[in-house]
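Some notes on the structure that comes next.
Number of protein chains: 2
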Amino acid sequence: MTQDVKEIFGSPGGSLAAKVRTLAPSMTRSMQRVAEAVAGDPAGCAALTVTGLAELTGTSEATVVRTARLLGYPGYRDLRLALAGLAAQQQSGRAPAITTDIAVDDPIADVVTKLAYEEQQTLADTAAGLDTAQLGAAVTALAGARRTDVYGIGASGLVAQDLTQKLLRIGLIAHAHSDPHLAVTNAVQLRAGDVAIAITHSGSTGDVIEPLRVAFEHGATTVAITGRPDSPVTQYADHVLTTSTSRETELRPAAMSSRTSQLLVVDCLFVGVAQRTYESAAPALAASYEALAHRHRSSPR
Amino acid sequence: MTQDVKEIFGSPGGSLAAKVRTLAPSMTRSMQRVAEAVAGDPAGCAALTVTGLAELTGTSEATVVRTARLLGYPGYRDLRLALAGLAAQQQSGRAPAITTDIAVDDPIADVVTKLAYEEQQTLADTAAGLDTAQLGAAVTALAGARRTDVYGIGASGLVAQDLTQKLLRIGLIAHAHSDPHLAVTNAVQLRAGDVAIAITHSGSTGDVIEPLRVAFEHGATTVAITGRPDSPVTQYADHVLTTSTSRETELRPAAMSSRTSQLLVVDCLFVGVAQRTYESAAPALAASYEALAHRHRSSPR
DNA sequence: GTCACCAATGAAAGATATTTTCGTTTCGGT
DNA sequence: ACCGAAACGAAAATATCTTTCATTGGTGAC
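Those sequence lines, one after another, are chains A and B. Its first residue numbered 1, the first sequence is counted upward by one per residue in UniProt numbering. Its first residue numbered 1, the second sequence is counted upward by one per residue in UniProt numbering.
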């Protein structure tokens, strides 16, 4: 039978080399060779079978097993498991330590790691910087809105559409506008009880500010999602939701991190609204899920 | 307050749990039981032999081995070693980070925290599961493409547009299609040296598969970005980029996490292409930045 | 409904790895 | 040189893992 798990993994990593040193004197020559190999390259040895390790050390299987026993394991199998654990720990011990920007000559694997890290960073920053009071107020307004207009241009336009799609899925009436003229034309229709949301990273995109101003002046509740809480757009916003502005690099334009940030805010809005309108939102979500299922061919198993 | 790198990337079970989730749909019932056991208690399973695990899950040795194979290991022995590694990492003081699902009555602050955490998790899983070789191949194809068409519908449509916007910004010729008919019509124009990209979480969206098939048959290099590496769409894809499939909850539909995942992949593609075409990409990026600056009123500060 | 078919599954045979046994070798002491 | 005990490895015995194959159960065609 195999040794108890805790006992295997319990012993801290470094103790293996120590154990080898302590027990070395009481070991025979061949056993010492095995122990050395094990202590010297745990990861490598973990990949070997008894026979492999025996050959590597120029000894026999029996000796390897004897060594494993001496080191406190029931057999080689368990020593090997412990070695695998050790190797994994050593591996993870090397901190990713992502400090540098993405460089032109970074291998693709590094690009993936760095991008993922930076986006995680952006998310953490955004979550930390988000004013939950403002968010709650915005959610309340949305949940009770007769209709909602969302303005966004360029990359922010996609976020606007994303929010709109989501709100529609829970039965709310929402429209995304990226055409400034149409946006203003529609903003005129808004009145108290309606909601207008402007999404702009810089907070200075005139094409987005203008419809928000119109909506604001017509009495709609206005929300600004921006990375600059002191920018012009906030002038006409009842509630300001701040997205994080992480440093941009040449290969990672601001649009990238602002999008991540904006999407998180949008998701929060959506979930918040879904909570408040749960009674109607849940069935609506389920229904849209159902409807979509029929558009997909039954996939293989 | 930013999270520690190790903590973010750590989630040791994360990678495995993610793999299980991604592959779960392509698993049979008994294999799923095995996969669940393994993902649920890596340490415990590491202590078991094939027979033991088979008994625990009420299946047979054969099934256990099959599952190990599906998870990417040559056999159970290797899976077991990997599990031992995971167990060791978990043991070595790693926050369990067991977050509960978002509940209907969660205060808004919790919603923000949980959403941010889950999206970070999604990013880590995606980065871990991304095949860099496939990614590299896709990047190469894109960098040398005469033109690129991107297909996506619904939430994936926004991702398609995002990618298109980015590629255009570095001077590449790219189009996003969400109208299936137009997509097919355009796909016919593609030929060798062109690239077609299909974005679909389920991998079974006929409206997206069809144009990819046409593009494939016309000799274009085809790429699929999907959460189901065994789904129909991959049939016509030269390169498959897998997005992570995190569990969805009632208040956080699959679309949300798949979008995060897809966007990371898209960003990786973009940065990769920007690297390869740096000579032309850098000035193009700078130029588009310049052009936008003029659309913003000079902001305060 | 019934049939044919295919995927899923587990029992058991087969292959591999580990452990044990046991005889040979080595080495120190007389 | 001879003895005895410890060290060691070859090979048998056992445990574990892998493969094969027949059975099962479900699915779609007719």
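No residue lacks a Cβ here, since even glycine has one placed at the ideal position from N, Cα and C. Remember, it's a predicted structure, so these values are computed and weren't measured experimentally.
Can you list, in chain order, the residues of its chain with a C-beta nearer than 6 Å to that of residue i? Leave out the 5 residues immediately preceding and following it.
i	result
I173 (chain A)	R147
P253 (chain B)	none
A284 (chain A)	I170, G171
V50 (chain A)	E61, V64, Y76
S288 (chain B)	R169
If the criterion is Cβ atoms closer than 8 Å, does the pair residue i and residue j meet it?
i	j	result
P211 (chain A)	A183 (chain A)	yes
D207 (chain B)	H175 (chain B)	no
S246 (chain B)	G203 (chain B)	no
A54 (chain B)	T63 (chain B)	yes
A224 (chain B)	L241 (chain B)	yes
V195 (chain A)	A145 (chain A)	yes
C45 (chain A)	A37 (chain A)	yes
S156 (chain B)	Q235 (chain B)	no
R21 (chain A)	T57 (chain A)	no
L158 (chain A)	D162 (chain B)	yes
T59 (chain B)	S26 (chain B)	no
L70 (chain A)	L23 (chain A)	yes
T126 (chain B)	S244 (chain B)	yes
V233 (chain A)	T200 (chain A)	yes
I153 (chain B)	T205 (chain B)	yes
Q89 (chain A)	Q90 (chain B)	no
Q120 (chain A)	Q120 (chain B)	yes
Please name the residue in the options whose C-alpha comes closest to that of residue i.
i	options	result
A286 (chain A)	B:A255, B:V266, B:S261, B:V271	B:A255
T221 (chain A)	A:G227, A:I209, A:P180, A:A237	A:A237
V265 (chain B)	A:R191, A:T113, A:L264	A:T113
A47 (chain B)	B:A84, B:Y76, B:E61, B:P25	B:A84
Q134 (chain B)	B:T22, B:E279, B:G272, B:M27	B:G272
G136 (chain B)	B:T185, B:H239, B:L168	B:H239
I209 (chain A)	A:V65, A:S178, A:R191, A:A88	A:S178
residue 355 (chain A)	B:I108, B:P283, B:H201	In this structure chain A extends from 1 to 301, so residue 355 (chain A) is not present and cannot be described.
L269 (chain B)	B:T28, B:G40, B:A160	B:A160
Could you tell me the distance, in whole angstroms, from the CA atom of residue i to the CA atom of residue j?
i	j	result
I102 (chain B)	A187 (chain A)	34 Å
V111 (chain B)	G52 (chain A)	53 Å
A124 (chain B)	G219 (chain A)	43 Å
D131 (chain B)	E279 (chain A)	42 Å
A18 (chain A)	R77 (chain B)	28 Å
A87 (chain A)	P42 (chain A)	6 Å
Q275 (chain A)	K166 (chain A)	13 Å
A192 (chain A)	A128 (chain A)	31 Å
A282 (chain A)	E118 (chain B)	20 Å
T28 (chain A)	L115 (chain A)	52 Å
L168 (chain B)	I197 (chain B)	15 Å
D106 (chain B)	E217 (chain A)	34 Å
P180 (chain A)	R213 (chain A)	12 Å
Note down, in chain order, each residue of its chain lying with its Cβ closer than 8 Å to the Cβ of residue i, except the 5 sequence neighbours on either side.
i	result
Y73 (chain B)	L79, A82
Could you name the residues of the same chain whose beta carbon sits closer than 7 Å to that of residue i, not counting the 5 residues immediately before and after it, in chain order?
i	result
T164 (chain A)	V150, A174, H175, A176
T277 (chain A)	A143, I170
T122 (chain A)	S244, S246, S257, T260, S261
A39 (chain A)	L16, A17, V20
In the DSSP output, what is residue i paired with across the bridge?
i	result
I225 (chain A)	A:I199, A:L241
D149 (chain B)	B:H175, B:A196
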